[in-house]
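Residue numbers (our numbering): 21 to 304.
Don't be surprised by glycine CBs; every beta carbon is placed ideally from N, CA and C.
First the structure, in the form of structure tokens, and then the observations on it.
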Amino acid sequence: MNFTQQRLQRLQTLQKQRPQFSEIFSFYLALYTFLDAQTDAFLTMHPQMANREMKQKEGFPLLTSADLRVDRQKTDDFLRRLAEILETNGHQGKEELAHLREVIDQGRLSTETLFRACLDRDRRPLEEGANAAEVSPALLEYVLDTALSYALLRAREEGLEVSTENWNRGYCPCCGGLPSMGEIFNQDGMRRLHCATCSTAWNFPRLRCAYCGNADPESLEYFTAEGDDNHRVDVCRKCSCYLKVIDNRTVVADLPMDIEDVSTLHLDLLAQKEGFTRGKKEQS
Ligand SMILES: [Zn+2]
Ligand SMILES: [Zn+2]
Numbered sequence: 021m022n023f024t025q026q027r028l029q030r031l032q033t034l035q036k037q038r039p040q041f042s043e044i045f046s047f048y049l050a051l052y053t054f055l056d057a058q059t060d061a062f063l064t065m066h067p068q069m070a071n072r073e074m075k076q077k078e079g080f081p082l083l084t085s086a087d088l089r090v091d092r093q094k095t096d097d098f099l100r101r102l103a104e105i106l107e108t109n110g111h112q113g114k115e116e117l118a119h120l121r122e123v124i125d126q127g128r129l130s131t132e133t134l135f136r137a138c139l140d141r142d143r144r145p146l147e148e149g150a151n152a153a154e155v156s157p158a159l160l161e162y163v164l165d166t167a168l169s170y171a172l173l174r175a176r177e178e179g180l181e182v183s184t185e186n187w188n189r190g191y192c193p194c195c196g197g198l199p200s201m202g203e204i205f206n207q208d209g210m211r212r213l214h215c216a217t218c219s220t221a222w223n224f225p226r227l228r229c230a231y232c233g234n235a236d237p238e239s240l241e242y243f244t245a246e247g248d249d250n251h252r253v254d255v256c257r258k259c260s261c262y263l264k265v266i267d268n269r270t271v272v273a274d275l276p277m278d279i280e281d282v283s284t285l286h287l288d289l290l291a292q293k294e295g296f297t298r299g300k301k302e303q304s
């Protein structure tokens, strides 16, 4: 089973288990059905392997924006169809998505620059690109992130490998992205973090904030939601960020974490009500 099929299967199970989120699952089912049907790679990665071990030790992720190869025509074609799927199956931004499709049709979206900016988490080109396309930066970022995530997951499935051993940073060893979910398996004091962008997983101390590096146990806490024993939310009072964590001492392991992320919105709402925000990068 490939990664798109694994996600489709998990979404079908979730739709039965958590009917309150049925609308969200239907949206992602449509998205992954579309992704599962893709054959041509529009974006490929060509990482520099020279001095890789040393670079990794110094905290450099495997991929830099210079390693991306963008096939302009295939990319435009993919983005146009992706926008159409989002427009048909989502509830938000329908007009903007229709407009974005026109901009892509006219060849006016500088896709290569924008994907590089996405990987570098460089907001300025994204904002400029959004202004030029007359869509909101948030919408453009969502479309590009979805496409980049798919391309990275696919590249990983097709053999792009990164060593996660001895990686002790709060960001992804493969693409530099931030974790969106964590897992705990036992009492060894570690959490397994999962990159929000490419789904690479690596171990990280439980008592350290992945976002700001804070390791003071006084300001690191967690809470759980009533009636949900399988999850907890780790919070850092220093940078006010939170991380949703699956407790795999109680549930099955090896779930696609990006899908677990969208199926635990009740935890985001709780954390945000308490004044915490999703992790942002503060230090390397
Ligand atoms: Zn990553
Ligand atoms: Zn923190």
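So residue i is in the alpha helix (DSSP H); what residue range does that whole segment cover?
i, result
"valine 123", "114-125"
"valine 155", "Here valine 155 belongs to no alpha helix (DSSP H), and DSSP marks it neither H nor E."
"lysine 293", "285-293"
"serine 42", "42-56"
"phenylalanine 98", "92-109"
"aspartate 278", "277-282"
"glutamate 73", "72-77"
"arginine 27", "23-37"
Return no unless some Cβ of chain B is closer than 8 Å to the Cβ of residue i.
i, result
"cysteine 229", "In the structure shown, chain B does not exist; there is a single protein chain."
Are the beta-carbon atoms of residue i and residue j separated by less than 8 Å?
i, j, result
"aspartate 281", "lysine 264", "yes"
"serine 169", "glycine 149", "no"
"serine 283", "leucine 34", "yes"
"lysine 94", "aspartate 125", "no"
"leucine 172", "cysteine 195", "yes"
"leucine 82", "valine 182", "yes"
"cysteine 218", "arginine 176", "yes"
"isoleucine 266", "tyrosine 48", "no"
"glycine 190", "alanine 230", "yes"
Buried or exposed for residue i, going by 16 or more other Cβ atoms inside 10 Å?
i, result
"proline 39", "exposed"
"glutamate 203", "buried"
"arginine 27", "buried"
"serine 227", "At residue 227 the sequence reads leucine, which differs from the serine that was named. Flag for leucine 227 reads exposed."
"glycine 143", "The sequence given here places arginine at residue 143; glycine does not occur at that position. Under this definition arginine 143 is an exposed residue."
"asparagine 234", "buried"
"serine 304", "Any reading at serine 304 is ruled out, since the residue's pLDDT is 40, under 50, leaving its predicted position unreliable."
"leucine 117", "buried"
Would you kindly report the start and end of the unbroken beta strand (DSSP E) that includes residue i?
i, result
"glutamate 246", "Where glutamate 246 is concerned, there is no enclosing beta strand (DSSP E), given that its DSSP letter is neither H nor E."
"valine 182", "It is not in any beta strand (DSSP E) - valine 182 carries neither H nor E in the DSSP assignment."
"arginine 136", "It is not in any beta strand (DSSP E) - arginine 136 instead sits in the alpha helix (DSSP H) that spans 131-140."
"leucine 213", "210-215"
"glutamate 203", "199-204"
"methionine 65", "63-65"
- Message: Check whether the segment 216-223 and the segment 234-247 are in contact - that is, three or more C-beta pairs closer than 8 Å.
- Response: no
- Would you say the segment 151-164 touches the segment 49-57, given that touching needs at least three Cβ pairs under 8 Å? no
- Item | Three or more C-beta pairs below 8 Å linking the segment 245-262 and the segment 294-301 | yes
- Query: With a cut-off of 8 Å, do at least 3 Cβ pairs link the segment 71-83 to the segment 184-198?
  - Reply: yes
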